[in-house]
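Working notes, beginning with the structure itself.
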């Protein structure tokens, strides 16, 4: 991954110098090496601060909206899974192709520092990956974990190492993650519960929410000029304080709202400070759409219309669909 | 502050009999902003409307709620009333306390409570009503009539005579329809062809009428006044402009195994054929599925014998597009299949025939030149049994639930002219009821009994058996005597139920015309708008709307024509102002809405817009073409940012109703 | 217990469990009946008398229920889904209940063809236990 | 007047499209086909105008049942509106089921303008179903873990 960071810096400098772009979107180190954050780099010198390691989960796609508005040609580094979000934004006409230059950036899976800490690693000084081993250095000694123990949840649903959109690719593609199981396993587990258990599960989960809106702000499908939750005229009602409809149904509405446009990136669940398993709602919609209307992956390309704006004459009826899911 | 007036109608006792209207008035008076409320016997009457007008003046009302019958009945009335006193017609809401309340409830207390709630919901909605102004659209002065039977021909002639262009679309190779197949008509017993063919010729010669035979409707878009229609003219394989209609090709064609549709399968026709002598156009058509040239590549006899070189095996379907202001459905009927009535022996014995086959058998131009014979033996029958209600009035799922209406009369007609021409033939009609309402109809049926000695037996036929020699045994009941009968007629005629044409449902989908469970087109109002479809600009003529006889069909055809003429006479139409509207300030320009719009009314336009923080920026936003938008609202739900709203049914209005009812 | 004609009609209606009010009096039931020629009262009257609360005695005294084969062709061909066969059975049942003797051994049931309609078997019991 | 506490009277909102189901409801009225007063109709131009949020809002505001009626698929006055409705509502219903709330309190029915009798039948049936389910509290309690 260090090698990739070097390639990124060199590519950023090259593109800026050749005037192919005016600025670069990448990641900058945070307070710790494991809390890298998205950042814009406007000149060659700044590009030296670009970092890349197993702690760059954020998708930079959404920042391209701003680039499009400013009409500034921008270099954006995209991990394979990030490219789906870019395509979705293109489909939603929120970004324009002429204002960005996409550089495919190899990824072997992002790690979840929370999981590492929960497994007992304290005061982490360094983390290195070797094949499927994660070696964590701390002042109290070295710890070793299997990669699948500490991968981000979203990386456990990795879509592979293909870039769905890229002007060029950086270096060689890395092996896709080997631990991908059934990405709907958790959804199926809930489906198997009784109605009372399902209700109890969601009541537990949703009661944790503090309405910080992080899930909405990170989502590449949530790209409206003004969110319905901020719009008095919208059918959900007004702001949280003014209207309890929104307060109670926020997650249901949020998930429904992006159904058919959600690329399944898992960012919403990752950024939730309360650990609400809200990604499951999105996954449920994806599962239903695939099952009722045929396989569909939002962001696979920038043109296929969403299943919610298309139809077949022999689609299942609502009751039938719910039963078919069984 | 808003000033809402609430007007509660008694509708005589229709509402007031079940709803305590005074209590409704008292209840709504307590609602804030309700400046005036009153009840009256007939709000829709002149006096009732005067009450509304006076109240508007006296109390300065700016919004009106009328608690009355369905808005489908009188919304237009009350909107006009509001407009006449200077209130925008779209500031009126109707609470439907008749169809949805007094007519479906019996308990006064319960009904009154529901009426109050419905009134409250309408008041909640009307608070958010905004004045709306209809736009205008042009009217294309041309009509399309789908179906070239008597209904379609008459409609087209009436429209054409009024000076408007009209096209007839007919799927068969000739116009004429079912009436051309019929021998005689009731209640006059005059020759069907003699009265139909002059009309066919009139239509063909009329300068305002264009006939497209052997053609299908391919696609329809647009709306009242502006329909865009694509017609598929199927390849006839004969050049119509060169063909002289001499018919040599049809005589020489060696492929003669196809049963003639026109003669109901009682004789065969060639692969190249003209359905009947007076066909219009009198141009043959090649049935490519039967033609040896098309099947094997060998033959080509018709091409050799044609004196004009009119045969063209390479002809292809042609698509033509045309604009129309109005479309008339006159797709007619067919007889039901008898597969569910195996007990009656149809298909097993040739001597069991349908009444339409009998028409062909007695027709001088038919396969027997009008001699009534048993198809199996070729001999004249000595006795005939006519069975009514075959597949009609049947709720068991085998047939049709409705009465086919025309059978009782044509049974009498058939019985009578068999007896007229062959006085020695015994005719027995089995019936459940004899239904002959209509001018001269009962007299006609009675003549069959009184003058012609036809036996009418009240009872039905259970089964018809046929032995090796083809002799028929009919098992029936005679209810009046309580006897079980066994008869041995030579010929049995089944008066089969009628049903709408096969493609009625497909056409309904294409034209968005409403259709009922039996596939008859639904009229806009069963009593007051019988020839209009609920979809503006689509009209109904003839059997496609419900079973009816020729006089009724012709009257309805004229009525449909009058409605079309009324429409085409207008230069401009007021468009429905309840269209979608985009809030450009928050529209993100994702254009998801364009995917679901059935009219292509939304497009992305790059515009300078004022953003939420007051700056100006140029971006793509969705723009609705109000002339094209029909106001379905699909876009409003597809829109992720709720920037698309539907005027007249805004999010706020609907949610206000929801809140008022919950 | 003395019951009047109306009550008896109601009892028969309940026993038969078929909706006689659907009847349009077309007579197809009688026309279809393979043993109609042996019946003293035709099947359609069994519906008619119950529908209009008519003469129930005629039905109870009729020989027809004992001629009835329970073949169901009357019900099969009824355009309205009424089952005169069910009324025949109801009449038979009424007689059986009145007599209360059961002379046929139910153990014989094994000897019957299992494709035989259930009601036909039951009807046979009624008939041969009269 | 005090309400009979023992008898639960559900609140039921019916969204009806103008062209088919609303006309069907009128047909039920004209034919005097009774259905309970619990059902209150909101007219929309097409079933595709019904935002799933309307349905959620109705539940949240205390509706015990919500029913959405439109033209039969293929018969939509606007050609395709109810096809979109069908997808939207299938997903909504499946999600309500997934969250263990109100799925059986929500129904989609296609009722044509000619089906007044069916309209009344459907409404009678739905009222029975909802009455049996009792008061709807779950959706309101979804985020109120005690």
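Residue numbers (my numbering), protein chains in the order written: chain A, 1162 to 1487; chain B, 156 to 817; chain C, 939 to 1068; chain D, 2 to 147.
Don't be surprised by glycine CBs; every beta carbon is placed ideally from N, CA and C.
Computed from a prediction, not measured in an experiment: that's the story for all the values here.
{"Asked": "Chain D residues whose Cβ lies nearer than 7 angstroms to that of residue 700 of chain B", "Found": "Ordered by position in chain D, no residue passes the 7 angstroms Cβ test against residue 700 of chain B, which lies about 12 angstroms from the chain."}
{"Asked": "Assigned exposure category for residue 1007 of chain C - 16 Cβ within 10 Å defines buried", "Found": "exposed"}
{"Asked": "DSSP beta-bridge partners of residue 1287 of chain A", "Found": "A/1298"}
{"Asked": "Beta-bridge pairing of residue 628 of chain B - partner residues as DSSP gives them", "Found": "B/620"}
{"Asked": "Minimum C-alpha distance to residue 222 of chain B - residue among B/335, B/161, B/788 and B/769", "Found": "B/161"}
{"Asked": "CB contact check: residue 34 of chain D to chain B, cutoff 8 angstroms", "Found": "yes"}
{"Asked": "Below-8 angstroms beta-carbon distance, residue 91 of chain D vs any chain B residue", "Found": "no"}
{"Asked": "Cβ distance (whole Å) where residue 320 of chain B is taken to contact residue 296 of chain B below 8 angstroms", "Found": "7 angstroms"}
{"Asked": "Burial state of residue 475 of chain B (16 or more Cβ within 10 Å)", "Found": "exposed"}
{"Asked": "Distance between beta carbons of residue 792 of chain B and residue 89 of chain D, contact taken as under 8 angstroms", "Found": "7 angstroms"}
{"Asked": "Between the CA atoms of residue 1245 of chain A and residue 1140 of chain A - distance to the nearest angstrom", "Found": "Since the displayed chain A opens at 1162 and closes at 1487, residue 1140 of chain A lies outside it and no answer follows."}
{"Asked": "Proximal residues to residue 957 of chain C (C-beta, below 7 angstroms), its chain only, five neighbours per side dropped", "Found": "1020"}
{"Asked": "Residue 1476 of chain A at chain B interface by Cβ criterion, 8 angstroms", "Found": "no"}
{"Asked": "Whole-Å CB distance - residue 300 of chain B paired with residue 483 of chain B, under 8 angstroms assumed", "Found": "5 angstroms"}
{"Asked": "Those runs of the alpha helix (DSSP H) which lie wholly inside the segment 1001-1037 of chain C and span at least 4 residues", "Found": "1002-1005, 1011-1015 and 1022-1037"}
{"Asked": "Cross-chain neighbours of residue 800 of chain B in chain A, by beta carbon under 8 angstroms", "Found": "1394"}
{"Asked": "Chain A residues whose Cβ lies nearer than 7 angstroms to that of residue 130 of chain D", "Found": "Within chain A, no residue comes near residue 130 of chain D; the closest Cβ sits about 12 angstroms away, beyond 7 angstroms."}
{"Asked": "Buried versus exposed, by CB contacts within 10 Å (16 or more), residue 353 of chain B", "Found": "exposed"}
{"Asked": "Rounded straight-line distance, which links the Cα of residue 245 of chain B to that of residue 207 of chain B", "Found": "15 angstroms"}
{"Asked": "Neighbour flag for residue 134 of chain D against chain A, beta carbons, 8 angstroms", "Found": "no"}
{"Asked": "Near-chain A residues of the segment 731-749 of chain B (beta-carbon distance less than 8 angstroms), N- to C-terminal order", "Found": "738, 740, 741, 742, 743, 744, 745, 746 and 747"}
{"Asked": "CB contact below 8 angstroms: residue 962 of chain C versus chain B", "Found": "yes"}
{"Asked": "Supposed close pair residue 9 of chain D, residue 136 of chain D - CB separation, criterion 8 angstroms", "Found": "7 angstroms"}
{"Asked": "Outcome for residue 742 of chain B when other beta-carbon atoms lying within 10 angstroms are tallied against a minimum of 16", "Found": "buried"}
{"Asked": "Interface residues of the segment 589-622 of chain B facing chain C [CB-CB below 7 angstroms]", "Found": "614, 615, 616, 617 and 618"}
{"Asked": "Near-chain B residues of the segment 1456-1480 of chain A - C-beta to any C-beta below 8 angstroms", "Found": "1466, 1467, 1469, 1470 and 1471"}
{"Asked": "Exposure label - residue 212 of chain B; buried when at least 16 CB within 10 Å", "Found": "exposed"}
{"Asked": "Residue 1385 of chain A at chain B interface by Cβ criterion, 8 angstroms", "Found": "yes"}
{"Asked": "8 angstroms contact criterion, which residue 139 of chain B and residue 456 of chain B should meet: CB distance rounded", "Found": "Given that chain B is displayed from residue 156 to residue 817, the structure contains no residue 139 of chain B and the question cannot be resolved."}
{"Asked": "Spatial distance of residue 1252 of chain A from residue 1214 of chain A (CA atoms)", "Found": "30 angstroms"}
{"Asked": "Residue from A/1461, A/1217 and A/1241 whose Cα sits closest to the Cα of residue 1431 of chain A", "Found": "A/1217"}
{"Asked": "Extent of the continuous alpha helix (DSSP H) to which residue 721 of chain B belongs", "Found": "705-723"}
{"Asked": "Residue 550 of chain B vs residue 1018 of chain C beta-carbon contact at 8 angstroms", "Found": "yes"}
{"Asked": "Assigned secondary structure, residue 1444 of chain A (DSSP; H/G/I helix, E/B strand, else coil)", "Found": "helix"}
{"Asked": "Neighbour list for residue 968 of chain C in chain B, Cβ cutoff strictly below 8 angstroms", "Found": "614, 617, 632, 634 and 639"}
{"Asked": "In DSSP terms, what residue 340 of chain B is bridged to", "Found": "B/345"}
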